[in-house]
Amino acid sequence: MRHRLVRLFGRRRPARAGPSHQAQLRALTALLDEAVTVQVGADRAVAACGEPGPVGAETARTCGRHTVALHRLSGRLHSLPMTYPDLAAARAHAGRLLAYDQWMVRQAMNLAFTAHADARTEAARLRLNGLGRPADELCRLRDRLLNGPCAQGR
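For the sequence shown, the positions run 151 to 304 when the numbering used here is used.
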């Protein structure tokens, strides 16, 4: 019976060891460093959408660039191989935070460049002052990964 299984499925090969926890942590924190840098510009772009008066075309271009940058970072984040549960959880959390940032930039653009402005839309637009408190969590997550027990223990 065993010989039939070997013939059908081939010999078992030892599992290859993936990148170490430290290597995965370095890759994740490097990407989060990049994301925090992009997030600073995205925060400014969202705040510019909330400035009184007409919003200029340069703000639209800036928001577009940041939306693309956040989308690319999100794709790179999801393609990072994370085999350790703590890092996989951190990657998932960072993915949700980047998705929020993208959503917020798009919503700011929708409010600032609507074709049918009304009083409610304008009032909502004027309340925009950046990405908000949830965006700060990405920076805190990166700092926890850099300084936490994960960074020092392995």
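Cβ coordinates follow ideal geometry from the N, Cα and C atoms, glycine included.
If we define contact as Cβ-Cβ less than 8 Å, is residue i a contact residue for chain C?
{"i": "A249", "result": "Judged by its chain identifiers, the structure shown contains no chain C, having just a single protein chain."}
Cα separation between residue i and residue j?
{"i": "R241", "j": "G214", "result": "24 Å"}
{"i": "E184", "j": "L248", "result": "12 Å"}
{"i": "T306", "j": "A219", "result": "Residue 306 is absent from the structure shown; the chain starts at 151 and stops at 304."}
{"i": "T187", "j": "D268", "result": "34 Å"}
{"i": "L227", "j": "V255", "result": "19 Å"}
{"i": "P169", "j": "L288", "result": "24 Å"}
{"i": "H221", "j": "R246", "result": "12 Å"}
{"i": "H266", "j": "R176", "result": "47 Å"}
{"i": "R275", "j": "Q172", "result": "43 Å"}
May I ask you to report which of helix, strand or coil DSSP gives residue i?
{"i": "P231", "result": "coil"}
{"i": "H266", "result": "coil"}
{"i": "N260", "result": "helix"}
{"i": "P202", "result": "coil"}
{"i": "N279", "result": "coil"}
How close, in whole Å, do the beta carbons of residue i and residue j come, if the pair is a contact with beta carbons under 8 Å?
{"i": "G280", "j": "V205", "result": "About 15 Å separates the two Cβ atoms, so there is no contact after all."}
{"i": "L181", "j": "L223", "result": "7 Å"}
Only counting runs of 4 or more residues, tell me where the alpha helix (DSSP H) segments fall wholly within the segment 169–203, in order along the chain.
Within the segment 169–203, the runs of alpha helix (DSSP H) at least 4 residues long that lie entirely inside it are, in chain order, 171–199.
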